[in-house]
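Only one structure is covered here, and it is reproduced in the block below.
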Amino acid sequence: MSDAVRSLSVPQRLSYAMGHFLNDLCASMWFTYLLVFYHSVLGFQNTYAGVLLLVGQIADGICTPLIGYESDQAPGCGNYGKRKTWHLVGTLSVVLSFAFIFNQCLGCDSLTPQWASMIYFIPFIIIFQFGWAATQISHLSLIPELVTCEHAKVELTAYRYAFTVTANITVYALAYLLFHMQAGEDDEVLGREDISIFRNLSLIVLGIGAVFSLVFHLGTSEKRPGAEEETGGEEGSSGRKRLEEEEEEGERRPLLPRHKTPSSSLSLQWKCWLKQPSFYQVAVLYMCTRLIVNLSQAYISMYLINTLGLPKKFIATIPLVMYLSGFLSSFIMKPVSKLIGKSLTYFMGLLLIMAFSYWVLLDDSMGQRVYGAAVLLGAGSATILVISLSMTAELIADQTQSGAFVYGAMSFTDKVANGLAVMAIQAMHPCHTVLCCPACVWFYHYIMVMVTGGVAVFAALALCSLLIWPIRIRPRGPSVVCDDASRIN
254 MSDAVRSLSV
264 PQRLSYAMGH
274 FLNDLCASMW
284 FTYLLVFYHS
294 VLGFQNTYAG
304 VLLLVGQIAD
314 GICTPLIGYE
324 SDQAPGCGNY
334 GKRKTWHLVG
344 TLSVVLSFAF
354 IFNQCLGCDS
364 LTPQWASMIY
374 FIPFIIIFQF
384 GWAATQISHL
394 SLIPELVTCE
404 HAKVELTAYR
414 YAFTVTANIT
424 VYALAYLLFH
434 MQAGEDDEVL
444 GREDISIFRN
454 LSLIVLGIGA
464 VFSLVFHLGT
474 SEKRPGAEEE
484 TGGEEGSSGR
494 KRLEEEEEEG
504 ERRPLLPRHK
514 TPSSSLSLQW
524 KCWLKQPSFY
534 QVAVLYMCTR
544 LIVNLSQAYI
554 SMYLINTLGL
564 PKKFIATIPL
574 VMYLSGFLSS
584 FIMKPVSKLI
594 GKSLTYFMGL
604 LLIMAFSYWV
614 LLDDSMGQRV
624 YGAAVLLGAG
634 SATILVISLS
644 MTAELIADQT
654 QSGAFVYGAM
664 SFTDKVANGL
674 AVMAIQAMHP
684 CHTVLCCPAC
694 VWFYHYIMVM
704 VTGGVAVFAA
714 LALCSLLIWP
724 IRIRPRGPSV
734 VCDDASRIN
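So, in structure tokens, the structure goes:
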């Protein structure tokens, strides 16, 4: 069993990657269309739309480390692995709540106050974010448990991101078809007549995602504690060693130098991670990465409609181009990172994003040229996201017993930072009406510049710290060792 788990076949890799497809579909709608739906379709004020997104991000940020801790501690449901148990709980929560978010308030009419409608949506958003966090953390935590080789982790992360891009392509293609079928030739402005489009899109997304989640649960086997001792013994241990030697022999050089430390064979408690400098370095880099990806995704629709004055079908076609370019770039991620290293690969992604930012800054009447800029943003976003996730997996290494806490902490910084950033942007919005006033034309222009090029500068600084102090677990005395380390090992 150990050998099979440590060396995944192509069908097993595909099965694993399918496990986050539902989350990716819902996240694509959440970040791309939430502000557009509540502001331009339902007619919410900018601050109310921002509050809903902030509530969701804070709920996700709080749930994520708690779920990460519980996922590390809980044994799982019967013979079902602990990661897959939490994944199942999260999937059910998402399916039961998401359709209510992209629909009008049940029982509400034109006389219902906006604050009352906002309160109606909050419980569904909280349940959705709990489920999303449970699915995300459990799925990410499986990576260092399924494979041990650094390049295999990058490859599995690339598979995962390829499905993420596929999910986004699916959402935008469906959105384009729904807009094309329902909107008339002269109907180019979003309004309440588009509620049915977003409702139908959310229902289709849930149906497709549920099928992919089922394939994940049927096709992915999680290693259970004690399974190796029961079935492997010395024969399983020697087989695992031979497999790992073969994996290492096939690699020409490591992505980053691996430092052997006395603590490499010891188990770390969750609180021991808080004493590791690399933990904070990777957390800042991951936070900057998510700020670039999520904020550009959230405001690209506003930029297209209000700044460039393009028809509403562009809020489906431009994100589609972005993720097609990201999908293509994900296939070359492993050979490039293997050739030049993860840090330089990440920096190449930042260069693409900065090029997009300068293009937007200098070309204030972009028009159809926005397709070219979208290619840069999509390829750059895909690159930095895959590499930041693989760096997190490298940080965890063999400390899989607390891996969910690490992913949870990374995601916590991401969610809270994104929520606060969106709320700040919405509070600074110069218009207080549903329709865009002349001031918002330049507002979204500079917002797109700042959330890409501005944040990329901070990401570059975080990357420099990793070049100076590479990722590794540094021994900090006896307190690093878990009290029950000997029992675990």
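In short: position in the sequence shown from 1, add 253, done, that's our numbering.
Even for Gly, the Cβ is constructed at its ideal location relative to N, Cα and C.
Near residue i, what residues of its chain come up, given a Cβ to Cβ distance below 6 Å and the 5 sequence neighbours on each side ignored?
{"i": "Phe416", "result": "Ala270 and Phe274"}
{"i": "Ala662", "result": "Pro318"}
{"i": "Thr560", "result": "Val694, Tyr697 and His698"}
{"i": "Glu475", "result": "Gly334, Arg336 and Lys337"}
{"i": "Ser664", "result": "Thr317"}
{"i": "Asp667", "result": "Met540 and Arg543"}
{"i": "Gly672", "result": "Leu307, Gln310 and Ile311"}
{"i": "Ser346", "result": "Ile380, Phe383 and Gly384"}
{"i": "Asn421", "result": "Ser281 and Tyr576"}
{"i": "Val613", "result": "Met701 and Val702"}
Give every residue of the same chain whose Cβ lies closer than 7 Å to the Cβ of residue i, excluding the five residues on either side of it in the sequence, and list them in chain order.
{"i": "Val263", "result": "none"}
{"i": "Ala250", "result": "Because the chain in this structure spans residues 254 to 742, residue 250 falls outside the shown range and cannot be described."}
{"i": "Val458", "result": "Leu278, Cys279, Met282 and Val424"}
{"i": "Arg413", "result": "Ala270 and His273"}
In the structure shown, what three-state DSSP assignment does residue i receive?
{"i": "Trp442", "result": "In the sequence on display, residue 442 carries Val and not Trp. Coil, per DSSP."}
{"i": "Glu499", "result": "For Glu499, the predicted model reports a pLDDT of 47, less than 50, meaning its position is unreliable; a value from the coordinates is still stated below. If DSSP states are grouped into helix, strand and coil, Glu499 belongs with the helices."}
{"i": "Leu561", "result": "coil"}
{"i": "Pro572", "result": "helix"}
{"i": "Ile372", "result": "helix"}
{"i": "Ala626", "result": "helix"}
{"i": "Met540", "result": "helix"}
{"i": "Met298", "result": "The question names Met, but residue 298 in the sequence shown is Gln. Gln298: coil per DSSP, three-state reduction."}
{"i": "Gln679", "result": "helix"}
{"i": "Thr666", "result": "helix"}
{"i": "Asn453", "result": "helix"}
{"i": "Ala650", "result": "coil"}
{"i": "Asp617", "result": "coil"}
{"i": "Leu605", "result": "helix"}
{"i": "Phe580", "result": "helix"}
{"i": "Asp215", "result": "Outside the shown range of the chain (254 to 742) lies residue 215, about which nothing can therefore be said."}
{"i": "Gly594", "result": "coil"}
{"i": "Tyr599", "result": "helix"}
{"i": "Thr365", "result": "coil"}
{"i": "Ser262", "result": "coil"}
{"i": "Leu307", "result": "helix"}
{"i": "Ser643", "result": "helix"}
{"i": "Pro723", "result": "coil"}
{"i": "Gly360", "result": "coil"}
{"i": "Ile545", "result": "helix"}
{"i": "Tyr333", "result": "coil"}
{"i": "Ile553", "result": "helix"}
{"i": "Ser531", "result": "helix"}
{"i": "Phe696", "result": "helix"}
Going along the chain, which residues of its own chain have a beta-carbon closer than 8 Å to the beta-carbon of residue i, five neighbours each way excluded?
{"i": "Val468", "result": "Ser268 and Met271"}
{"i": "Ser293", "result": "Leu443, Gly444, Ile558 and Val687"}
{"i": "Val669", "result": "Gln310, Ile311 and Gly314"}
{"i": "Pro510", "result": "For Pro510, the predicted structure reports a pLDDT of 46, less than 50, and the residue's modelled location is therefore unreliable. A value from the coordinates is still provided. Pro723."}
{"i": "Glu487", "result": "Confidence in Glu487 is poor, its pLDDT being 45 and thus under 50, which makes the residue's placement too unreliable to answer from."}
{"i": "Thr365", "result": "Cys358"}
Please identify the residue among the options whose C-alpha is closest to the C-alpha of residue i.
{"i": "Leu716", "options": "Leu597, Ser324 and Leu573", "result": "Leu597"}
{"i": "Lys595", "options": "Ile700, Leu430, Ile724 and Ser281", "result": "Ile724"}
{"i": "Val704", "options": "Gln550, Val628 and Gly631", "result": "Gln550"}
{"i": "Leu431", "options": "Leu349, Leu395 and Ala569", "result": "Ala569"}
{"i": "Met371", "options": "Met701, His433 and Phe297", "result": "Phe297"}
{"i": "His466", "options": "Leu719, Cys279 and Ala677", "result": "Sequence inspection shows Ser at residue 466; the His mentioned does not correspond to that position. Looking at the Cα atoms, Cys279 is the closest of the given residues."}
{"i": "Ala608", "options": "Ser350, Leu673 and Gly707", "result": "Gly707"}
{"i": "Asn276", "options": "Leu719, Val289, Ser391 and Met619", "result": "Ser391"}
{"i": "Leu261", "options": "Ile320, Gly472, Ile379 and Asn421", "result": "Gly472"}
{"i": "Ala428", "options": "Ala405, Phe658, Leu454 and Met644", "result": "Leu454"}
{"i": "Leu538", "options": "Ser350, Tyr291 and Leu720", "result": "Leu720"}
{"i": "Leu295", "options": "Tyr322, Ser281 and Ser363", "result": "Ser363"}
{"i": "Thr645", "options": "Ala426, Tyr660 and Gly631", "result": "Tyr660"}
{"i": "Ser718", "options": "Gln534, Leu456, Met434 and Ala632", "result": "Gln534"}
{"i": "His682", "options": "Arg413, Phe290 and Ala302", "result": "Ala302"}
{"i": "Thr419", "options": "Gln621, Val574, Ser610 and Ala680", "result": "Val574"}
{"i": "Phe377", "options": "Gly620, Ala635, Leu349 and Gly321", "result": "Leu349"}
{"i": "Met434", "options": "Lys406, Lys566 and Gly562", "result": "Lys566"}
{"i": "Ala677", "options": "Leu287, Leu548, Leu409 and Pro564", "result": "Leu548"}
Quick one: is the Cβ of residue i within less than 7 Å of any heavy atom of the ligand SAH?
{"i": "Ile640", "result": "Ligands are entirely absent from the displayed structure, and the ligand SAH is therefore not among its contents."}
Requested in this report: Assess, as a yes-or-no matter, whether the segment 299–309 is touched by the segment 446–458 under the definition of 3 or more beta carbon pairs within less than 8 Å.
Outcome: The answer is no - the segment 299–309 does not touch the segment 446–458, with fewer than three Cβ pairs under 8 Å.
Query raised in the report: Between the segment 577–591 and the segment 633–641, do three or more beta carbon pairs fall short of 8 Å?
Result: Short answer: they touch.
Query raised in the report: Three or more C-beta pairs closer than 8 Å, one from the segment 593–613 and one from the segment 708–722: is that the case here?
Result: Taking a cut-off of 8 Å on C-beta distances, the segment 593–613 touches the segment 708–722, as three or more cross pairs fall below it.
**Report entry** the segment 339–351 touching the segment 386–405, judged by at least three CB pairs closer than 8 Å
**Finding:** Yes, they touch.
Query raised in the report: Is there contact here, the segment 618–637 with the segment 353–368, by at least three beta-carbon pairs under 8 Å?
Result: Not touching, per the Cβ criterion.
**Report entry** Start-end ranges of the alpha helix (DSSP H) lying completely within the segment 384–436, minimum 4 residues
**Finding:** For the segment 384–436, the continuous alpha helix (DSSP H) assignments of 4+ residues that do not extend past its boundaries occur at 396–399 and 403–435, in sequence order.
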